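Below: the structure, in structure tokens.
Chains as they are written, first to last, in the numbering used here: chain A, -16 to 515; chain B, -18 to 350.
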């Protein structure tokens, strides 16, 4: 199993380490945080390929980390002679990984005696002089001349690797780019090959060769005879392609209930890929990389895909990127890794109870992902709390919370689970809740294990000021202001109206131009979350 | 697991013993066979069926040292060296002087010098507290070493460490046939050179590192040739007497003395393969010809050996041959099934002066007319 991934200088992964879980790894993070890049580097170092083509053929200047390249050219322009940028990807396997024994050695940047693979993009020593010449020119565009670079794929015994080591197969399930017109691309072909046992494959090969030979001997023979009779063909004849590149797998397509793969909906295509990749015969696919399974899938399909993945996982190590809380919650958010600058941060699983994990597995709509991704989060009970908090923040600070990197999330679960999750993620979070007739100290005591001054705090209005949001607002604003804002008739009771129309009332306050007074616990929450 | 060492006489089927062990090993087991010569590697590879070959590999001793001991752990000694290939040198004298640091062990393109490879391997094992062995243990269940008599010096240090690993080791060879050696410039363990390697194994067996057996039955040749072969090496080594179990007979069996002026007639009558100590300008009759060293591994019906002066001295006085000459002569004398002819000047005179040990064994051959 992969115990350690180390990347330097590749795309957004400037200086990146990741110590994944043995079984399941769910990578979450904002767009552009580099989630897919992690799957990409895994593919590169495991197979030497990217998008089905050799790394050396696909190498281009955009592989290099932007900062590293800029830094290099700035030094160059300042007259220094900096080392040319390089890319290094290292995958460390745990000792005992079947099939990786030969890859063992200490030829890696951590000097660890374990099996592993490394892919190193570096200046070609045979072109050192040309490279130096190139960099010494005036007005060089800020691009790395990759034609003067080599891609070295080696294992930790420092042996050159030329093909994916047997037993360390990987498969990529990627719904977002089913490019080829037949729908059968390189990855799917690979899966088909693995799906069939070697003796079966040999049999199919033979039959396929025979069939092609028979076309050559029969149908094409007549054509050949006609051509040669008509003359002027200079001996040109036609034969079926019998070269090794015309492998049977290129002419075979999977189908489901007689519908060929290409005509399946994208959802079914993804499901088929997963079924092929994780079938029992594909036990050489030790690593399964799934990119955003929620794309192109209906909720029902996503649900069955997720249970399929969880069920078929077996001893495989799985890496999934996702934007969906549903995926995260169903697979168990204790496996989440949040993308960060230097590498994904895992959850401190010691701080999460099995009870909470199973709670979220059932409450799969719960927005754990948003909480995990947010730089700072304010958790409120419902939509009316959210609108009031946003309005208060905007009035006091002049900007929306979002603009200050604060995500206001209504989670409606009275805060405790959210606090537990935030604790495990070591997140700065403010939880606002109603007092429901009990003093704030009571609620704070109940949540004490998850609270930490300055990091995770709870904000609750005093009982005397009202037991829920609405009476609190009434306490701190004049009757007249609220009546005007809410557009009430003379006989109507403000509290009655607000309690019956919570969201509507909050919306009216939120969109009003007037100045309001804010309950102190909300103001305190704003001061807390604005602090560092 | 146990390490088994079987030192066996020529023609006792050492290589087939390895081949049959490979064929009969547990189907899931992974194995590696090592031998010094390219011919030895081809020999083993050709005897192992295709079915087992996916779990079996055969490689040379130097490749083994490079790929499995040195390269994976080289950063423990030298950083940034991409050890690959081999720079084969006969002895240190062929390496330019004044190379130090990594350059002492490698040429400028990072190919290791063969004569210094085992020293480097030993150092890497020491620096990494035998990490390469832990790696090998994870890869292989069985390790077979053929032609072990070709190892010497620091190779023996590596061999001993390998024998102490948990891999199941089977070592075979014939100490009497050590005509080649991996490290001629290696001064370590020089007392165990040549046939004296048997002493090294006896000491290891006493220390409990390996089980040692000496196999003395040869299916290749008859008792007379067996007797001759036993007289080549130092009796002080107390090697068991060879049993020549070949029972085929012809009109010309045993050991003969042939006058060099009669060589043409002898060749015409018996068609022997001619064996000589080294290439010389001497005109020889039309026949198959080998040097002692390169004749290793072949089997013929008859050979005629062009004797050197130490061999003749030995015939007259039993004065021992030098270690390397003895090994070469032993190889030559054990190539044939029916007859060995010793070609000497003035054979008739010599036949009356032979040392007592040879009197009953060696017959004078003269042309019939």
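Note that the Cβ used here is the ideal one computed from N, Cα and C, for glycine as well.
Predicted, not measured: the structure shown is a model, and the values here were computed from it.
8 angstroms Cβ cutoff, residue i in contact with chain B
i, result
"residue -16(A)", "no"
"residue 85(A)", "yes"
"residue 74(A)", "no"
"residue 139(A)", "yes"
"residue 90(A)", "yes"
"residue 142(A)", "yes"
"residue 211(A)", "no"
"residue 165(A)", "Its pLDDT being 49, under 50, residue 165(A) is placed unreliably by the model, and nothing is read from it."
"residue 94(A)", "yes"
Proximity below 8 angstroms, CB of residue i to CB of residue j
i, j, result
"residue -7(B)", "residue 261(B)", "no"
"residue 518(A)", "residue 312(A)", "With chain A covering -16 to 515 only, the question about residue 518(A) has no answer from this structure."
"residue -17(B)", "residue 122(B)", "no"
"residue 319(A)", "residue 289(A)", "no"
"residue 153(B)", "residue -2(B)", "yes"
"residue 90(A)", "residue 30(A)", "no"
"residue -4(B)", "residue 57(B)", "no"
"residue 518(A)", "residue 26(A)", "The requested residue 518(A) is not part of the displayed model; chain A covers only -16 to 515."
"residue 260(A)", "residue 271(A)", "yes"
"residue 207(A)", "residue 220(A)", "yes"
"residue 193(B)", "residue 221(B)", "no"
"residue 321(B)", "residue 238(B)", "no"
Rounded Cβ spacing between residue i and residue j (contact assumed at less than 8 angstroms)
i, j, result
"residue 131(B)", "residue 17(B)", "4 angstroms"
"residue 363(A)", "residue 415(A)", "5 angstroms"
"residue 177(A)", "residue 299(A)", "Not really, about 13 angstroms apart at Cβ, beyond 8 angstroms."
"residue 173(B)", "residue 98(B)", "Not confirmed; about 19 angstroms, so no contact."
"residue 202(B)", "residue 317(B)", "6 angstroms"
"residue 65(A)", "residue 47(A)", "At roughly 13 angstroms, the Cβ-Cβ gap does not stay under 8 angstroms, so residue 65(A) and residue 47(A) are not in contact."
"residue 376(A)", "residue 515(A)", "The Cβ separation is near 17 angstroms, so there is no contact."
DSSP-derived helix/strand/coil call for residue i
i, result
"residue 60(B)", "coil"
"residue 98(A)", "strand"
"residue 37(A)", "strand"
"residue 346(B)", "strand"
"residue 162(A)", "Note that residue 162(A) scores 47 on pLDDT, short of 50, meaning its location in the model is unreliable; the coordinates nonetheless yield the value given after this. Coil, per DSSP."
"residue 251(B)", "helix"
"residue 199(B)", "strand"
"residue -15(B)", "strand"
"residue 21(B)", "helix"
"residue 338(B)", "helix"
"residue 263(B)", "coil"
"residue 132(A)", "strand"
"residue 210(B)", "helix"
"residue 360(A)", "strand"
Of the residues the options, the one placed nearest residue i, counting alpha carbons only
i, options, result
"residue 268(B)", "283(B), 42(B), 59(B) and 274(B)", "283(B)"
"residue 312(B)", "238(B), 329(B), 327(B) and 255(B)", "255(B)"
"residue 22(B)", "89(B), 73(B) and 45(B)", "45(B)"
"residue 251(A)", "280(A), 468(A) and 271(A)", "280(A)"
"residue 293(A)", "-1(A), -11(A), 7(A) and -16(A)", "7(A)"
"residue 454(A)", "471(A), 501(A) and 494(A)", "501(A)"
"residue 117(A)", "399(A), 128(A), 107(A) and 190(A)", "128(A)"
"residue 151(B)", "13(B), 329(B) and 295(B)", "13(B)"
"residue 293(B)", "274(B), 264(B), 270(B) and 241(B)", "241(B)"
"residue 576(A)", "205(A), 125(A), 110(A) and 456(A)", "This structure does not reach residue 576(A), given that chain A is present from -16 up to 515, and the question cannot be answered."
Cβ of residue i within 8 angstroms of any chain A Cβ
i, result
"residue 36(B)", "no"
"residue 120(B)", "yes"
"residue 55(B)", "yes"
"residue 14(B)", "no"
"residue 63(B)", "yes"
"residue 52(B)", "yes"
"residue 68(B)", "no"
"residue 112(B)", "yes"
"residue 84(B)", "no"
"residue 48(B)", "yes"
"residue -14(B)", "no"
"residue 157(B)", "no"
"residue 283(B)", "no"
"residue 208(B)", "no"
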